[in-house]
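Participant:
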Amino acid sequence: MVNVKYPEVWDLDVFFPGGSASSQLIEHIESLTPKLDVLKGKIEKFEVPQNSDAALEIQSILESIKEVIMHISQAGAVLSCLTAQDTTDRDALLLQGQLSGIAANSSPILESFNQKLGKIDQATFKGLLETAELAQFEFILTEWREKSKESLSEEEEALISALGVDGYSSWGQLYNMLIGDIKVEVEVDGEKKLLSVGQANNLSSHKDRTVRKAAFDALEKVFTEREEFFAKTLNHLAGFRLAVYKKRGWDSVTKEPLQINRMKQETIDAMWGAITSRKAIFAGYLQHKAHLLGTEHLDWFDFDAPVTDSTATMSYQDGAEFILKHFGRFGSEMESFARTAFEDGWIEAEDRDNKRPGGFCTGMPLSDQSRIFMTYSGSMSNVSTLAHELGHAFHTYALRPVHPLNRRYAMNVAETASTFAEMIVADAAVEEATTEQEKIALLEDKIQRSVAFFMNIHARYLFETRFYEERKKGIVSTKRLNELMEEAQIEAHAGGLGETHPHFWASKMHFYITGVPFYNFPYTFGYLFSLSIYAKAKEEGKGFEEKYMALLRDTAVMTVEELAMKHLGEDITKEDFWLKGIALCEEDVAEFIALTSK
């Protein structure tokens, strides 16, 4: 069989030909307001039900909500792709601003419906949920109803949404422009190169320490020069969010992210508690790696440094085949799905200028497709990222039989699917290593992810919770932001870190995302939660794929505590659950240290 050459540039024209100049895209965005008007009319006519006879009317409203959400999401996803692939695409940014305004207009309309749900008496509401029309929507209708009880009045919530267009959301968009305009000059293999932030970040795995340090120093220098811009952006984004929380009477800055992720405070406390209690072995790994690299402590720019001379690189084509091979060993559906993604141009992987840093996966709900964005430079870490994003896309694929309103899963379970896919590839690669040096390199790639989730993400969580508490009292200075970041990194790495990255708060886009606040702990949740699922998958073999897809289909209609109990039989509010997953990661560290101590 002749291998198909997989494109490294995605196909967006299949949705709206012509990119940001597409007349079809503009028409699509302009069609959203009439759809909102139809929905608004239905909700205005809707009277608070006194009995279950209103089930058909509610079902009709839900179908209109589905239409609006899917059409807004489709446009939003395409515009995210356009602005990511070319940060100089000003037309796409203008359209994104226009769409943000329309999306903001939808919020008070949906809030009005939620408020009416909240006014239905409990007996009537229970009766409505028992009807054939509404039974499948029990979880989301209950969630919306409960959320409405914590909301302000319709008028106040509408005002917050309206002000958010030029306030909250715009600060996040400003960050994307600021980061997209940054270029740094780094000498790589004797040649001076002008790199984007994403390209410079990819040098963190370069074998030459002087190159890694040069890239790190160049980024730190430019972030130092522009720190006031980033500090103002972060302070005002947080200030807007805190003003809303205060108005709603919310004291805890984690209330909203926990609500969005459908999880309890006890669950996140148990997770971080378990991790903190077992950090010593990972700090020991950091110290051991420092010795292997000939340094006293592991500096920030050494985390991804290769420890063997035979560290493998893979072309994009080979990386794709590698992923397909190992997905196929888990299940035929996952392999077939990923092959479609590679062959049909779902992935933007080309290493070029003017691309946004980082990676993401976004769904195109009207087209039953996804798009994956990253910058692929050939490292095993890039292969892992590619598998990770394909895991997100497979999650969306698994949900296709489910009603669109029951597909709106939270970030923590989204990261479960992605890290599960990543683990399939990483674990199989270690097992199949043909030489000891190759095994060491692949094993370390796995451990680096554990360190990232247990330490780097913990540092982000510590920084963000502390920053928000200080922001309640007023603007936080750049000096203090740097201090908070360094303190969090030192604490989270449990003594295993040398030189810190004080401007990490400026370089990491996750702190500036407005759609999901506290875009950090769900990664760690997903990683450890997926370890338990992965253990079951290894135990049951290929037959587990169907059970896995059933779990994915439940991710948007249950709390994570209910999901774990139903599919894993586990209580995730207890540290014992999390310790089981951590123990598997400790085995990798022990094996790595043994292999590299000979």
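The sequence shown begins at 1245 in this note's numbering and counts up by one. Just so you know, even glycine gets a beta-carbon here, dropped at the ideal spot from N, CA and C. What you are looking at is a predicted structure, and each value in this text was computed from that prediction instead of being measured.
Can you tell me whether DSSP reads VAL1246 as helix, strand or coil?
Facilitator: In this prediction, VAL1246 has a pLDDT of 48, which is less than 50 and means its spatial position is unreliable; nothing more can be read from the coordinates.
Participant: Could you name the residues that DSSP lists as bridge partners for LEU1439?
Facilitator: The partner list for LEU1439 (beta bridge, DSSP) reads VAL1428.
Participant: Looking at C-alpha atoms only, which residue of HIS1754, PHE1755, ALA1703 is the closest neighbour of ALA1738?
Facilitator: For ALA1738, the nearest C-alpha among the options comes from ALA1703.
Participant: With 16 other CB atoms within 10 Å as the buried threshold, where does VAL1246 fall?
Facilitator: Caution applies to VAL1246, whose pLDDT of 48 falls short of 50 and renders its modelled position unreliable; the value that the coordinates give is listed next. Classification of VAL1246: exposed, given that the 10 Å Cβ count is below 16.
Participant: Cα-Cα, which of MET1558, GLY1483, HIS1532 is closest to PHE1547?
Facilitator: Taking only the C-alpha atoms, the option nearest PHE1547 is HIS1532.
Participant: What whole-angstrom Cβ distance do SER1392 and LEU1361 have, given they're in contact under 8 Å?
Facilitator: Contact flag correct, Cβ pair sits at about 6 Å.
Participant: Which residue comes first and which comes last in the beta strand (DSSP E) that contains THR1606?
Facilitator: Note, THR1606: beta strand (DSSP E), 1604-1608.
Participant: For the putative contact between PHE1290 and ILE1313, defined by C-beta atoms under 8 Å, what is the C-beta separation to the nearest angstrom?
Facilitator: Contact flag wrong, Cβ pair sits at about 18 Å.
Participant: Give the C-beta separation of ALA1459 and SER1448 to the nearest angstrom, bearing in mind that I take them to be a contact with Cβ-Cβ under 8 Å.
Facilitator: Between SER1448 and ALA1459 the Cβ distance is about 7 Å, and since that is below 8 Å, they are a contact.
Participant: Indicate whether the contact test is met: 3 or more Cβ pairs, each with one atom in the stretch 1735-1750 and one in the stretch 1482-1489, closer than 8 Å.
Facilitator: Contact between the stretch 1735-1750 and the stretch 1482-1489 is absent, because fewer than three Cβ pairs lie under 8 Å.
Participant: I need the DSSP call for ARG1652, collapsed to helix, strand or coil.
Facilitator: If DSSP states are grouped into helix, strand and coil, ARG1652 belongs with coil.
Participant: For ASN1445 and GLU1274, I'd like the C-alpha separation in whole angstroms.
Facilitator: About 38 Å.
Participant: Using DSSP with H/G/I as helix, E/B as strand and the rest coil, what is LEU1418?
Facilitator: The answer is helix: DSSP assigns LEU1418 an H, G or I state.
Participant: For ALA1685, tell me which candidate among GLU1835, PHE1664, MET1753 has the shortest Cα-Cα distance.
Facilitator: ALA1685 has its Cα closest to that of GLU1835, out of GLU1835, PHE1664, MET1753.
Participant: Using three-state DSSP, classify SER1623 as helix, strand or coil.
Facilitator: It is a strand residue.
Participant: Give me the Cα-Cα distance between GLY1844 and GLU1819, rounded to the nearest whole angstrom.
Facilitator: Absent from the structure is residue 1844, since the part of the chain shown begins at 1245 and ends at 1842.
Participant: State the Cα-Cα distance for the pair GLU1435 and VAL1695, rounded to the nearest angstrom.
Facilitator: When rounded, the distance between both Cα atoms is 32 Å.
Participant: Among residues of its own chain, excluding the 5 on either side of ILE1826, which ones have a beta-carbon nearer than 8 Å to its beta-carbon?
Facilitator: Contacts found: ALA1518, ILE1519, ARG1522, PHE1698, LEU1772.
Participant: On the DSSP bridge assignment, give the partners of GLU1592 in chain order.
Facilitator: Paired residues: PHE1617.
Participant: Are there 16 or more other CB atoms within 10 angstroms of the CB of VAL1258, so buried, or fewer, so exposed?
Facilitator: Label assigned to VAL1258: exposed.
Participant: In three-state DSSP terms, what is THR1640?
Facilitator: It is helical.
Participant: Going by the beta-carbon positions, is the gap between TYR1767 and THR1663 smaller than 9 Å?
Facilitator: In contact: TYR1767 and THR1663 (Cβ atoms closer than 9 Å).
Participant: Grab the span of the alpha helix (DSSP H) containing MET1753 for me, first residue to last.
Facilitator: Neither: MET1753 is in no alpha helix (DSSP H) and is coded neither H nor E.
Participant: Since VAL1258 is in the alpha helix (DSSP H), which residue starts that stretch and which ends it?
Facilitator: Counting along the chain, VAL1258 falls outside any alpha helix (DSSP H), and DSSP gives it neither H nor E.
Participant: So what does THR1557 bridge to, in DSSP terms?
Facilitator: According to DSSP, THR1557 bridges with SER1623.
Participant: So for LEU1372, helix, strand or coil by DSSP?
Facilitator: Looking at LEU1372 - three-state DSSP - the assignment turns out to be helix.
Participant: Find out if the Cβ-Cβ distance for the pair GLN1342, THR1327 is shorter than 9 Å.
Facilitator: Against a cut-off of 9 Å, the Cβ pair of THR1327 and GLN1342 comes out as no contact.
Participant: If you pair each beta-carbon of the stretch 1623-1637 with each one of the stretch 1553-1570, do three or more pairs fall below 8 Å?
Facilitator: The stretch 1623-1637 is in contact with the stretch 1553-1570.
Participant: For SER1218, count neighbouring Cβ atoms within 10 angstroms of its own Cβ and tell me buried if that reaches 16, exposed if not.
Facilitator: With the chain covering only 1245 through 1842, there is no way to say anything about residue 1218.
Participant: Relative to the C-alpha of VAL1409, which candidate in SER1350, ILE1837, PHE1788 has its C-alpha closest?
Facilitator: Checking every option, the nearest Cα to that of VAL1409 belongs to SER1350.
Participant: Count the other C-beta atoms from every protein chain shown that fall within 10 angstroms of the C-beta of LYS1752, then say buried if there are 16 or more, exposed otherwise.
Facilitator: It is buried - the Cβ of LYS1752 has at least 16 other Cβ atoms within 10 Å.
Participant: Going by CA-CA distance only, name the one from LYS1683, PHE1617, ARG1596, ILE1512 that's closest to PHE1762.
Facilitator: Of the candidates LYS1683, PHE1617, ARG1596, ILE1512, the one whose C-alpha sits nearest the C-alpha of PHE1762 is ILE1512.
Participant: Would you list the one or two residues that DSSP bridges to LEU1741?
Facilitator: Beta-bridge pairing links LEU1741 to LEU1542.
Participant: Would you tell me roughly how many angstroms separate the C-alpha atoms of ALA1838 and LYS1782, rounded to the nearest one?
Facilitator: Each residue's alpha carbon lies about 24 Å from the other.
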